[in-house]
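Residues in the sequence shown are numbered consecutively from 5, following this note's numbering.
C-beta atoms are modelled at their ideal positions from N, C-alpha and C, and glycine is treated no differently.
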Amino acid sequence: MSGDHVLPDDLVRDGNVRLACVATLPTDEVRLVYGLRHLDVLEDLLLPASGSTTRLRE
């Protein structure tokens with residue numbers, strides 16, 4: 005895992021997922037994607053919003 009992000013290597017390699025805070029892009033192409041909280045593959049990496057309470061799923 006690279007030191008500049010918290011994504012597991014398989015998400016970067018196989019899922020082609022990158023964080024917006026990475027300082028250099030691997031290519032000249034940029035695609036802006038939002039609403040990633042709805043992707044099941046990223047669910048375990050989400051942080052709670054500040055001031056929010058954690059709810060357990062049923």
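- Taking Pro30 as reference, the option from Gly39, Tyr38, Asn20 with the minimal CA-CA separation is Asn20.
- Leu50 and Arg41 have their alpha carbons spaced roughly 7 Å apart.
- The straight-line gap separating the alpha-carbon atoms of Val45 and Glu33 is approximately 23 Å.
- Under the three-state reduction of DSSP output, Asp32 falls in the coil class, being neither helix nor strand.
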